[in-house]
Amino acid sequence: MIHFLPLTDSVPLAHIVGLGVAVFAAGAFGFLVRRNLIVLLMCVELMLNGANIVLVAFSRAPASPDPQVWVIFMFAVAAAEAGVGLALAVLIWRRLGTLDIDALKGLRG
Amino acid sequence: MMIGPDLLNLAIYLPLAAGVLIALLPRAKEHLSGPLALTSSLLAFIPALALYTGFDPALPGMQFAQDLPWLSALGARYTIGLDGISMLMFILTAFLAPIAVLSSFTAVKEHRRFYYASLLALQTGMLGVFAALDLLLFYVFWEAMLIPMYFIIGIWGGRRRIYASVKFFIYTMAGSLLMLAAILWLYFDHQSRTGVYTFALTAYNNSAAGGTGMLLFLAFALAFAVKVPLWPFHTWLPDAHVEAPTAGSIILAGVLLKMGVYGFIRIAVPFFPEAAMTAGWPIAALGAFGVIYGSLTAWAQDDIKKLVAYSSVAHLGIVMVGVLVLEPAAVSGAVLQMVNHGLSTGALFLCVGMLYERRHTRLMADYGGIAKIMPAFAAVFMIVTLSSIGLPGLNGFIGEFLILFGAFKVWPCLALVSLGGVILSAVYMLGMYQKVFFGPVSNTANKELPDLKVREWLCVLPLLALIVWIGVYPNFFLRRIDTAVNDYIRLAGGPRPVFSLAKGEK
Amino acid sequence: MEGNFYPLLKWMILPPLAGFVLNGLLGKKFLSERAGGILGSLAVLLSFVFALLSLSDLLNLPAADRLLRDTLFTWISAGPFTVDFALRLDPLSAVMALVVSGVSFLIHVYSIGYMHGDKGFHKYFSYLNFFVFFMLVLVLADNPVLMFVGWEGVGLASYLLIGFWYEDPEKASAGKKAFITNRIGDAGFLAGLMLLAAVMHAGGVYALDFSTLSANAQLAAGASFAGVNAAFLIGVLLFVGATGKSAQFPLYVWLPDAMAGPTPVSALIHAATMVTAGVYMLARMFFLYEAAPAALDVVLVTGCFTAFLAAVIAVAQRDIKKVLAYSTVSQLGFMFMAVGAGAWAAGVFHLTTHAFFKALLFLAAGSVIHGLSGEQDLFKMGGLRKHMRTTFILTATGWLALSGVPPLAGFYSKDLILEKVFTSGAGFVWLTGLLTAALTAYYISRLLILAFMDNYRGREHAHESPAVMTVPMGLLAALSVVGGMAGAAWLLPFLQPGAPPEHHSALMIAISVAAAAAGIIAAFLITGRRIGGGHHAAWCPRSLAAAWPRLHRLVYNKFYVDEIYEALLLKPLARFADWTFRVPDSKVIDGALVNGTARLFMSLGRTLGAAQTGNAQFYAIVFMAGLCLLLAAVLAGYYL
Amino acid sequence: MENPKTLLDLIAPLLLVAVPAIIALLVRPAWAQRAAGIGLAAALFNVAVSAPANILPFGQSLVYDPLTKLFWLLILAAAFAAVVLTPRAACAAELPANEYYFLLPISAVGLMAMLATGDLIGVFIALEVVSLPLYALAAARRTAAGAEAGYKYFLLGSFGAALTVLGIAFFYGSVGSVLITSAAAISGLTVTQAAASAGFLLIMAGFAFKAALVPFHMWVPDVYEGAPTPVSAFMASAVKAGAVLILFRLFVAADLPLYYKIFWWVAALTMAAGNIAALPQTGVKRMLAYSSVAHAGYLLTGFMGGKAAFPAVYFYLAVYAAATIGAFSLVAILEKEEKGVTLDGLRGLAAADPAKAALLAVFVLSLAGIPPLAGFFGKFWLFAQAVRGAAPGLVVIAVLASAVSLYYYLSIITAMYSGKGDAAAVPRAATPLTLWLLGAFVLLGGLAADLFLLPAARALPFLP
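These protein sequence lines map, in sequence, to chains A, B, C and D. Taking the working numbering, the leading residue of the first sequence gets 324, the next gets one more, and so forth. Taking the working numbering, the leading residue of the second sequence gets 42, the next gets one more, and so forth. Taking the working numbering, the leading residue of the third sequence gets 8, the next gets one more, and so forth. Taking the working numbering, the leading residue of the fourth sequence gets 19, the next gets one more, and so forth.
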């Protein structure tokens, strides 16, 4: 098996996982408190990347390169997501003239 | 064709087929829907009658039975057949259906195709309930019937028809849903005991005891009690009756309510004899209480239809006493009383409908002195009223009498309470009759009302004939249910011990 | 089954049925008034003839074996429970059937004249035939259940005929009152039958015909229900039924109101036949009472009290029919006294004689009313002996018979009853009976005086009734005269073949004659004092009224019994019914429970809808919160 | 790869959908619907006639076994119905036809892939292939409401996706595999297994979001209401079916008693919340959205029966999808404004257009689960699974919830069949044949439940 990205043993696994989770949590927190739609989009990307870090970190534990490949897929997915999200944001801007999430309350009840 | 399952199927499905045909009539032929419906329901009566005459009262068990595979993945089968009790209900349904159709000819003017299609579909549903011997099939017919009835009340009903129809539908369906859960439990329980997946009714006789049996029994009992309707589950009935068109009321009172009682006889009690033995008295007590309660509330009405509706609560209360007391005479009486109530209350609704068609009001206060204007109608109404209050010589007496005499031996208190209904029924029925028919013609709008027309005579005469027939010669009908009644009592673990009359004992 | 099969019996009940159907269905359209009347009368005559034929056949049998039976079909059969549609003719039912069909026939004929010109003529005769049919079913029934059919059937006929002129709301109400009051009694009757059947079934006896019941009466005597002797309870319950039908206290209130019906109906149903059904029933079921003497005491006391109460009320009434109605109640009380004293045959004897003279009196009253075009107030009559001579003579016959003047019918039977009561040892009852007898003589004399003596006080032209009315009355009058003697000689031994001949004590006879005489004299003294004075305003009952105004008002208003029933029973019950509907039914069950559940879910739905704010971040918060909960649950699953 | 026919059976349906979808993007708008429809029909036919064997040309990544066949049949049929039932008028007026008929089949391809793959990464990627077109489709009308629906869906969907990835990461980290079958390994009590279990729960939450289970359901009413009605139909049927099936797969793969307990509560809450929240609704689309939430709860009830519940879940999904597509499609045909049809808007429909009213009544009554309609048999068999799985309490809740639901289902029928009203003015349009077929299926499907239950029972061994 070829290790694409050999990680040194000096950084404990838990730290890397912790970093990923922290990034994820930061994104989630931002998602819950920020108002701007673009910022929310960025927060989602942050969450996704945090999850990716965790995934990559685990390529060390079972000692498999697979996660490193999967993360590439995830990047693609995230990029597509960002594309759709931005397009929708443009549409929102055109229709509502604002990017404040509080404006998105036409559908409720 | 031999008198057998084919004929049974014909009687069940002919109305539905005709209903579909009527629904598909082109708009230009809408006027044909009524006559077509009448023809088909009359045609369906012929096989039903043939079955009744071909029924052998001496044979135990089901006759004209058929058993075909249906949903093999579930173990559900298409099993139908009739015993003495269901045969009687079956013929009652087939008998009332043409009358209901005929009563609608002038009353229903809008969406006639859909109306008659609903009525005929309803007929198939009701006949199916009485013939079904497979639990799933029974449940399907049982619930399916609600849809056409819901339409009949909701579309062609009175002012508050929507409220009434939705209430009717939700109330009765909600009651039945717990039964569904109980059916499922039984189904898997049976499978775990025997390894066989089946819904055959016969497989479930005496199928659970103890606390489980009681819970399951109550689930079934609730479903049936709502339909009966047993106090305090009755409040959907007055609303449904008042708002339903005449035919709907006839069917509702004549057949639908009987299904609740029938459910007790065919399912709830034989499935859980132990629980029924324990819970029988409280439920019958509700019935007896309902006799008094229904009579009192009927007395308080000023709307004729509502009065009749509440009287149904009273009538069926006494029937429930008869069914649960498990005494041969009482059970026979209860079964016969189901028919009697169907005839007399059906006829009452029919008569009220005739009045309503003429004056468009159901308030007693709007009438008075009708006997002078419509003497023939008054006579008919009188006979029906008397039948309803159980005058000897007419049908109502036979049933009440047998129930009371049978029940007295086991539950004297309940019989005596129910006896109070004998007095009260005279109070409210004759009070109503007096307000409507006697006295001077105070309201000028009533002066020109025409008496019964030929079509209306055709509606009431068969009912009157049966009312008298059953009163004078009930044995014709009783003979055919004897075996089935005994089967029922045996399955129910009856008869119950009679109370002690020994001297010195209390 | 014992008894002789005798298919003729059914022919006794069928002609009136046919008459009912023919007159009812075809009458108005196809039959003339005369034809309808004749048809109705003939039907009953036919019954009478068959009754006579049957009687002669019965008489041909040896005295111990006098029982004829006719089973038409098995009526009800459910499990072991079987009731036949069977008729029986024994001396008791034979007498009753003869009285019923005979008196009925006469009254039918009378009615042809009385109802002449009425719009509902055919309906009337059809109802009358209907009544006779059910009355004969009642009389001839071979089991109490079939008897109950007749019992309720005659009640229905009574209801229909009381409310015959239904356009008058009061008359319609009177009919309803009669039916409902009777129903209360009937419920008692049914309860008694239920207990009787239960007792018999418990003893393994499933047949309910009278012979079987009689043979097994000891079963009832040996059983008990709720701690009370069953035979006693059955007896009392059946008697409750009898108090309804035969208008005894406390259920007598319907009978005076029942006078709203046409007068021949009052004569037939509410005097001669139907109201005596209770007495007949008790006589029929006497084997039960023999097993429960305590029940007889109840009958005796109730009969006595009713007889006295009704006689007192009758004293103060102004309506000629009301007087007769209360008199009927009172006389029925006498019959029950007889039964209560154990002398059912004496009761039936009085029943028979009473049928004659009371029918006569009613028909006479009818004749008066007919002659005065509907006037019923005694105070507006007077002097009719001049205008209606035949009627007067006939009424006077009835008067003497009812008063108990020998040798007319009433004397024999009433005297026999008092004697029986006395010998049974009920001294106080006997005394009350005697007083009642005196009162009876008083009020009927008063009626005679007010109506026929002095001068005419009314405005309508008074005229004598036609022969079609007076001839039947004449026949009844004849019977009222000879009925007592014939009965004493022939009827009593026929009813009770084995019984020892009566020993009439001269003292007894003297006392009762004295009582009657006292009543008559008092009436002439009090009521007749002003005869000839022509001063109408100061008419005699005033003197009584003036002497005891309060008492008079109390009596005149029938002790306010109707009002008390109304206030204590009917009104509260009706209000309770109303309340039941308004509060427990509409508000609690339907309102709070049924619709309340619906409302609860609806408001829950609105709350959930309100939580759906439209804010995506709130949605995410719920998402996260829920997820955290689930995660906590998972981890708890591992670590707890 | 031993049998080229098998490989073709696997690849061909995906291509048969995807290629015409791309063609739909390129042709004249008028032809786009036909292209997409023909593609889906061809794929459906291909799947129907194929004889799957459990052969793994791509390992667990793409499997074509009898189970897949059943999944695909359901998804393709639903997608096909959604495509052909999109009113032509709606496309001409508001929807960009080319994009619409491209995105919808592509989403269907995603669903097919999602249900054919055996590893979680594949499932996730496929899920994104499903979701991304849907975000766009939800906003396809480019109105304010559409944009709002699209963006909300996008935001919450991405949020859920991120959680799913995190879950996959932890699952992989603990178990060392991303195969669904390896979920069986989490039924221990070690720390690792707890982490795996938590991760697995996160994964399931992602699909619970798509399936609209409480508490992940809150987007559903807003999005269904704001999205073009045919898109709502697709989401409520095909997408929900895909999500529920994958959820079922995960659930039975883990087969963890703890999950049974959790799902018990989730099912109960979902049924209750969905049905109760639907009660006061007056907009039919929103009502149906809540109804679809409730139905997810019913489906979860069936999960209590474990693996053997599959035939019941499958049959119910088929019946539910048919009724839902039918109902939404009728709303699509009837609606005049962006907001869809209100109850008042249905008033008098029966008089104006009896055929459509009757069909809508059939669909709604089936959703309500009233015999003899297929919905009843579906529910019956579904609840039966819960009883078999010893969860009778949940069945009691389920039947009570069904009783509550009757009210709002009936309100639709009542509106259609009462008097004259707004709908009386609706021009009578022809009722599409597909709608009749759906109606016939819903009407009679229950009596022929064997057709679904027996093949599904045969496919049972292929469940992990």
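Every residue gets a Cβ at the ideal spot worked out from N, C-alpha and C, and that includes glycine. From a predicted model like this one, the values you see are computed outputs, not experimental measurements.
Exercise for the section: Specify whether the region 345-354 of chain D and the region 299-311 of chain D touch according to this definition: at least 3 beta carbon pairs, one from each stretch, less than 8 angstroms apart. Expected result: Verdict: yes, contact present.
Exercise for the section: Compare the C-beta of Y173 of chain C against all C-beta atoms of chain B and say whether one is closer than 8 angstroms. Expected result: So, interface residue.
Exercise for the section: Tell me, please, which residues DSSP counts as bridged to T360 of chain D. Expected result: Residue pairing for T360 of chain D: DSSP places it in a beta bridge opposite D:G301.
Problem - Rounded separation between G126 of chain B and L361 of chain D - CA only - result: Note on residue identity: the sequence assigns Ile, not Gly, to residue 126 of chain B. Rounded to the nearest angstrom, the two C-alpha atoms are 45 angstroms apart.
Handout entry: Exposure label - F63 of chain D; buried when at least 16 CB within 10 Å
Key = Looking at its Cβ environment, which holds fewer than 16 other Cβ atoms inside 10 Å, F63 of chain D is exposed.
Handout entry: Chain-order list of residues whose beta-carbon lies under 7 angstroms from that of H542 of chain C (same chain, five-residue window excluded)
Key = Its pLDDT being 46, under 50, H542 of chain C is placed unreliably in this model, and the value from its coordinates should be taken loosely. Once the five neighbours on either side are set aside, H542 of chain C has no close Cβ partner at all.
Practice task
State the DSSP-derived secondary structure class of H338 of chain A, mapped to helix, strand or coil.
Solution key: In the structure shown, the three-state DSSP call for H338 of chain A is helix.
Practice task
Could you pull out every unbroken beta strand (DSSP E) segment of at least 3 residues lying fully inside the region 45-132 of chain D, listed in chain order?
Solution key: The beta strand (DSSP E) runs of length 3 or more contained entirely in the region 45-132 of chain D are, from start to end of the chain, 75-78.
Problem - Any C-beta of chain C under 8 angstroms from that of H326 of chain A - result: Unreliable positioning characterises H326 of chain A in this predicted model, as indicated by a pLDDT of 48, which lies under 50. The coordinate reading is nonetheless provided below. At a cut-off of 8 angstroms between beta carbons, H326 of chain A makes no contact with chain C.
Problem - Own chain partners of A162 of chain B with C-beta closer than 6 angstroms, once the 5 adjacent residues on each side are dropped - result: Counting only Cβ-Cβ distances below 6 angstroms, and skipping sequence neighbours, we find L57, G60, P189.
Problem - Simplified DSSP state of W82 of chain C, which is helix, strand or coil - result: Three-state DSSP puts W82 of chain C in a strand.
Exercise for the section: Give the secondary structure of P473 of chain C by DSSP, where H, G and I count as helix, E and B as strand, and everything else as coil. Expected result: Coil at P473 of chain C, not helix or strand.
Handout entry: Element boundaries [alpha helix (DSSP H), containing D91 of chain C]
Key = Taken as a continuous stretch (DSSP letters only), D91 of chain C belongs to no alpha helix (DSSP H), being part of the beta strand (DSSP E) at 88-96.
Practice task
For P22 of chain C, name the three-state secondary structure that DSSP assigns.
Solution key: Looking at P22 of chain C - three-state DSSP - the assignment turns out to be helix.
Handout entry: Neighbour flag for W226 of chain B against chain D, beta carbons, 8 angstroms
Key = Closer than 8 angstroms to some Cβ of chain D, the Cβ of W226 of chain B qualifies, so yes.
Problem - Assumed close pair A403 of chain C, G417 of chain C - CB separation to whole angstroms, cut-off 8 angstroms - result: The pair is not a contact, with the Cβ atoms about 13 angstroms apart (cut-off 8 angstroms).
Exercise for the section: With distances taken Cα to Cα, identify the nearest neighbour of V362 of chain B among B:A339, B:F330, B:N381, B:L337. Expected result: Per the Cα distances, B:F330.
Exercise for the section: Apply the 10 Å Cβ neighbour rule to K547 of chain B and answer buried if 16 or more other Cβ atoms are within range, or exposed otherwise. Expected result: Low confidence applies to K547 of chain B: its pLDDT is 39, below 50, so where it sits in the model is not reliable enough to give any reading.
Practice task
Would you check if there are 3 or more beta carbon pairs closer than 8 angstroms linking the region 498-514 of chain B to the region 135-143 of chain B?
Solution key: Contact check between the region 498-514 of chain B and the region 135-143 of chain B: three or more CB pairs, one atom from each, fall below 8 angstroms, which counts as touching.
Exercise for the section: Would you check if the region 251-262 of chain C and the region 278-296 of chain C touch, i.e. whether three or more CB-CB distances between them fall below 8 angstroms? Expected result: Touching, per the Cβ criterion.
Practice task
Could you tell me whether the Cβ atoms of L391 of chain D and T319 of chain D are closer together than 8 angstroms?
Solution key: No, Cβ-Cβ distance for L391 of chain D and T319 of chain D is not below 8 angstroms.
Problem - One or two residues paired with Q104 of chain B in a DSSP bridge - result: Q104 of chain B pairs with B:L123.
Practice task
Less than 8 angstroms between the CB atoms is what I'm expecting for V508 of chain B and I444 of chain B, so what's the real figure, rounded?
Solution key: In the sequence under discussion, the amino acid at residue 508 of chain B is Ile, which differs from the Val named in the question. I444 of chain B and I508 of chain B do not touch by the CB rule: their CB atoms are close to 18 angstroms apart, not below 8 angstroms.
Practice task
Identify which residue in B:M415, B:V302, B:L365, B:M470 has its Cα closest to the Cα of D344 of chain B.
Solution key: For D344 of chain B, the nearest C-alpha among the options comes from B:M470.
Exercise for the section: Return the first residue and the last residue of the alpha helix (DSSP H) that Q338 of chain C is part of. Expected result: Q338 of chain C: member of the alpha helix (DSSP H) spanning 327-347, first to last residue.
Handout entry: Within 8 angstroms, strictly: CB atoms of L370 of chain C and M266 of chain C
Key = For L370 of chain C and M266 of chain C, no; Cβs fall outside 8 angstroms.
Problem - Member of C:V152, C:V336, C:L438, C:S84 whose CA lies at the smallest distance from the CA of R520 of chain B - result: The residue from C:V152, C:V336, C:L438, C:S84 with its alpha-carbon nearest to that of R520 of chain B is C:S84.
Problem - Three-state secondary structure assigned by DSSP to W546 of chain C - result: Model confidence at W546 of chain C stands at a pLDDT of 49, short of 50, so the residue's coordinates are unreliable; what they give is reported in the following sentence. In this structure, W546 of chain C counts as coil in the three-state DSSP scheme.
Handout entry: L427 of chain A: contacting residues in chain C (beta-carbon distance under 9 angstroms)
Key = Residues of chain C passing the Cβ test: G621, N622, A623.
Exercise for the section: Would you check if the distance between the CB atom of L66 of chain C and the CB atom of L16 of chain C is smaller than 8 angstroms? Expected result: It is not a contact, given that the beta carbons lie outside the stated cut-off.
Problem - Start and end residues, alpha helix (DSSP H) containing P273 of chain B - result: No alpha helix (DSSP H) contains P273 of chain B, which DSSP labels as neither H nor E.
Exercise for the section: Express the C-alpha separation of W172 of chain C and G31 of chain C in angstroms, rounding to a whole number. Expected result: So the alpha carbons of these two residues sit roughly 17 angstroms apart.
Handout entry: Sub-8 angstroms separation of F478 of chain B and F422 of chain B beta-carbons
Key = It is a contact, given that the beta carbons lie within the stated cut-off.
Practice task
Could you tell me whether the Cβ atoms of P123 of chain D and V209 of chain D are closer together than 8 angstroms?
Solution key: Result no, Cβ atoms of P123 of chain D and V209 of chain D do not sit closer than 8 angstroms.
Practice task
Could you give the DSSP three-state label for L109 of chain B: helix, strand or coil?
Solution key: In this structure, L109 of chain B counts as strand in the three-state DSSP scheme.
Problem - DSSP three-state assignment for A447 of chain D, whether helix, strand or coil - result: It is coil, neither helix nor strand.
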